[in-house]
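Numbering (the numbering used here), first residue to last: 34 to 206.
Each residue gets a CB set at the ideal place from its N, CA and C atoms; glycine is no exception.
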Amino acid sequence: MTSNLTGTAALVTGASSGIGAATARRLAEHGASVALVARRKERLVDLADEIEKAGGSALVVEADITEQAQAEAAVQQAVERFGRLDTLVNNAGLMLLGPVVGADTDDWERMLAVNVNGLLYTTRIALPHLLQAAEEGPRRVADIVNISSIAGRVAWNGYGVYSLTKFGVNGFT
Ligand SMILES: NC(=O)c1ccc[n+]([C@@H]2O[C@H](COP(=O)([O-])OP(=O)(O)OC[C@H]3O[C@@H](n4cnc5c(N)ncnc54)[C@H](OP(=O)(O)O)[C@@H]3O)[C@@H](O)[C@H]2O)c1
């Protein structure tokens, strides 16, 4: 296994399942220390155990990224533990589909809160650390990976507000 991320640190939001968990696993396999961020702590603990048993390094951070203070504290915890931040994966997301007519606006608020606000909060606080990591090496580069969707490029019936958030993610990226 190549270890091209050895000496770097990454943070993955939504690491408790799906794409986020798979991404965190893969980053660790490539040598990165990984901060695992989500609300379901037990799932993060299990993943951290798995990563550490395989010889990697993981930090569990229970946080709701729709709360700005928690999103910011998550990034700070990762930097305190690993001393740097080279990679931010903004993966946490929510897809609630349905027609706009008669929609439950709570669904809209929840999607906007996670898919847009959460991503903005983590990015803003992480950027100075990412820029510093890029200055200091070892790769001389840092990365932000924003997980969008095909629904961020193509608008489909029933995807209205989810699509809005993912078009927004693309625009911001
Ligand atoms: N699966 C697909 O086919 C697909 C296609 C295109 C794009 N995507 C995008 O890919 C990303 C991941 O999707 P997935 O399918 O892997 O979804 P998933 O399995 O439902 O995972 C979503 C993750 O987001 C976390 N999350 C949700 N709300 C959160 C909050 N307030 N604070 C912190 N974490 C939160 C969840 O953790 P907790 O519940 O533990 O907090 C979970 O770990 C999303 O952005 C999604 O829009 C997925």
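Nearest neighbour of residue i, chosen from the options [CA to CA]
i: V202; options: I177, G191, W189; result: I177
i: R65; options: A57, R72, A71; result: Here the sequence assigns Ala to residue 65, which means Arg is not the residue at that position. Closest option to A65, Cα to Cα, is A57.
i: A71; options: R59, A106, Y192, P132; result: A106
i: E95; options: E169, E75, R114; result: E75
i: A81; options: S50, L38, T99; result: S50
i: R117; options: H162, G89, Y195, L152; result: H162
i: T198; options: A159, T39, P171, E142; result: E142
i: A87; options: E100, R114, R59; result: R59
i: S36; options: R73, L160, G89; result: G89
i: A146; options: E100, A136, E169; result: E100
CB contact flag (residue i, residue j, <7 angstroms)
i: V93; j: V108; result: no
i: V122; j: V45; result: yes
i: G53; j: N148; result: no
i: L130; j: M144; result: no
Delimiting residues of the beta strand (DSSP E) encompassing residue i
i: L153; result: Note, L153: premise wrong, no beta strand (DSSP E); alpha helix (DSSP H) at 152 to 169.
i: L92; result: 91 to 95
Nearest-angstrom beta carbon gap, residue j and residue i [assumed within contact, 8 angstroms]
i: A111; j: I84; result: The pair is not a contact, with the Cβ atoms about 14 angstroms apart (cut-off 8 angstroms).
i: T120; j: A48; result: T120 to A48, Cβ: 13 angstroms. No contact.
i: A104; j: G151; result: 6 angstroms
Inter-residue Cα distance where the pair is residue i and residue j
i: R186; j: T41; result: 32 angstroms
i: A102; j: A68; result: 17 angstroms
i: T155; j: Q165; result: 16 angstroms
i: G193; j: V134; result: 11 angstroms
i: W189; j: P171; result: 43 angstroms
i: I180; j: T138; result: 24 angstroms
i: R114; j: I158; result: 16 angstroms
i: I98; j: A167; result: 25 angstroms
i: T206; j: L153; result: 10 angstroms
i: P132; j: S182; result: 19 angstroms
i: L38; j: S196; result: 33 angstroms
i: G191; j: L160; result: 34 angstroms
i: A55; j: G204; result: 25 angstroms
Alpha helix (DSSP H) segment containing residue i, residue limits
i: A71; result: No alpha helix (DSSP H) holds A71; the beta strand (DSSP E) holding it covers 66 to 71.
i: V112; result: 101 to 115
i: N203; result: 193 to 205
i: L77; result: 74 to 86
i: L60; result: 51 to 62
i: T138; result: 138 to 144
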